[in-house]
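Report on one structure; see the data block that follows.
Numbering (the UniProt record's numbering), first residue to last: 1 to 369.
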């Protein structure tokens, strides 16, 4: 089976790695357009990615000497969210993820001979000679065939600071206008100031970013939309992945898990192990649950009583199932909501509290008649 991946960004690399690990007999090809740059955003991840890299490279990489500028990530430290000064969202104690430079990971993967790397521009899927095609070429040109995901953010400013000795976790710092991620890479610290430009003008965001985080200059500012493809499988052989499949703000680095899950589901479809409709339904369900998981964080506000946080709190979680899961107190690792295992979901619940659901409803769930 020949599998061609269009695009060599993070989603393309993850897709290729997944197929290399679980279908080693597949012939892998990666086609990229050199005129399309990789998004210059330092990334967090989940333990799944570090595990995949270990399965491929083994003892050739380690935390003291790796080509990805990677540092260990043990979880996320939320600062100023809800009624607490800070709270920690960990991974399971025995697991570790990583912060890394996507461009460095991309370059290392392309030099590893796992896939045949071809530089050219593909205009039509019909021009690709492959059994299976993954389109990982980035943000869509139009959104007619996408469903909007509710989220209060739509713009980000990126900046770098010198590397500093820091704790091994991503910081998610609430600000008056949204929040800022602080990612400690081996060679620098990257910051992303997230806000909504319908609420906060660029000038105001830029000023607060500089003063609050001691940022001298901004590398890039861009807007984004939150969305999911209605039909992520085209003509039975083309699978959308990465930003072509879905995008949502970077809280919890859930995109990395989404790319990996869809690579798995697509493989099952391609190999006749799962109906395409079932795979799409499952992916849509998980993405929607993830949307609600993220919205849950905003329902409790922050230390700032500002127009942004007032607006964010109006984007209510619209899945009673999430409230039911929390009310029953389930912490089973074999149960999931979105991309998260239930112990991870309940960690958020423990830190922030229940939604403003009437106590009578919670009691009815806990003690059914």
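Every residue, glycine too, gets a C-beta built ideally from N, C-alpha and C.
Under the three-state reduction of DSSP, which class applies to residue i: helix, strand or coil?
| i | result |
| --- | --- |
| residue 364 | Annotation note: pLDDT 37 at residue 364 (below 50); position unreliable, coordinate value reported separately. Helix at residue 364. |
| residue 179 | strand |
| residue 110 | helix |
| residue 37 | coil |
| residue 244 | helix |
| residue 174 | strand |
| residue 287 | helix |
| residue 116 | strand |
| residue 299 | coil |
| residue 3 | strand |
| residue 356 | coil |
| residue 231 | coil |
| residue 259 | helix |
| residue 61 | coil |
| residue 97 | strand |
| residue 76 | strand |
| residue 274 | coil |
| residue 221 | strand |
| residue 67 | coil |
| residue 304 | coil |
| residue 55 | helix |
| residue 203 | helix |
Which residue from the options puts its Cα closest to that of residue i?
| i | options | result |
| --- | --- | --- |
| residue 135 | 198, 266, 271, 5 | 5 |
| residue 162 | 43, 343, 191, 59 | 191 |
| residue 115 | 215, 138, 7, 148 | 7 |
| residue 250 | 215, 224, 205, 231 | 224 |
| residue 132 | 1, 318, 292, 169 | 1 |
| residue 48 | 14, 31, 20, 81 | 14 |
| residue 27 | 37, 16, 181 | 16 |
| residue 3 | 23, 259, 287, 11 | 23 |
| residue 32 | 59, 80, 122, 54 | 122 |
| residue 303 | 50, 235, 21, 85 | 85 |
| residue 354 | 51, 316, 29, 268 | 316 |
Here's a check: name, in chain order, each residue in its chain whose Cβ is nearer than 6 angstroms to the Cβ of residue i, leaving out the five neighbours to either side.
| i | result |
| --- | --- |
| residue 341 | 333 |
| residue 229 | 146, 240, 245 |
| residue 148 | 227 |
| residue 351 | 87 |
| residue 361 | With a pLDDT of 36 at residue 361, under the threshold of 50, the modelled position of this residue cannot be trusted, and the question is left open. |
| residue 287 | 228, 246 |
Tell me the rounded alpha-carbon separation between residue i and residue j.
| i | j | result |
| --- | --- | --- |
| residue 359 | residue 321 | Because residue 359 carries a pLDDT of 42, less than 50, the predicted location of this residue cannot be relied on, and no value is offered for it. |
| residue 98 | residue 233 | 30 angstroms |
| residue 44 | residue 63 | 15 angstroms |
| residue 156 | residue 281 | 31 angstroms |
| residue 284 | residue 112 | 33 angstroms |
| residue 346 | residue 126 | 46 angstroms |
| residue 369 | residue 130 | Unreliable positioning characterises residue 369 in this predicted model, as indicated by a pLDDT of 38, which lies under 50. The coordinate reading is nonetheless provided below. Going from the Cα of residue 369 to the Cα of residue 130 covers about 57 angstroms. |
| residue 18 | residue 264 | 7 angstroms |
| residue 312 | residue 82 | 12 angstroms |
| residue 330 | residue 178 | 30 angstroms |
| residue 299 | residue 165 | 33 angstroms |
| residue 9 | residue 248 | 17 angstroms |
| residue 275 | residue 144 | 25 angstroms |
| residue 159 | residue 272 | 45 angstroms |
| residue 305 | residue 109 | 45 angstroms |
Using C-beta distances below 7 angstroms, list every residue in its chain close to residue i, excluding the 5 sequence neighbours before and after it, in chain order.
| i | result |
| --- | --- |
| residue 365 | Low local confidence applies: a pLDDT of 38 at residue 365 is under 50, so the model's placement there is unreliable, and no value is given. |
| residue 173 | 79, 80, 179, 180, 182 |
| residue 343 | 331, 333 |
I think residue i touches residue j, with their Cβ atoms under 8 angstroms apart; what is that distance to the nearest whole Å?
| i | j | result |
| --- | --- | --- |
| residue 93 | residue 77 | Contact flag wrong, Cβ pair sits at about 16 angstroms. |
| residue 219 | residue 254 | Not confirmed; about 23 angstroms, so no contact. |
| residue 175 | residue 208 | 6 angstroms |
| residue 195 | residue 308 | 7 angstroms |
Residues in the same chain with beta-carbon distance under 8 angstroms from residue i, minus the five sequence neighbours each way, listed in chain order, please.
| i | result |
| --- | --- |
| residue 185 | 42, 69, 70, 71, 99, 100, 101, 163 |
| residue 319 | 288, 289, 292 |
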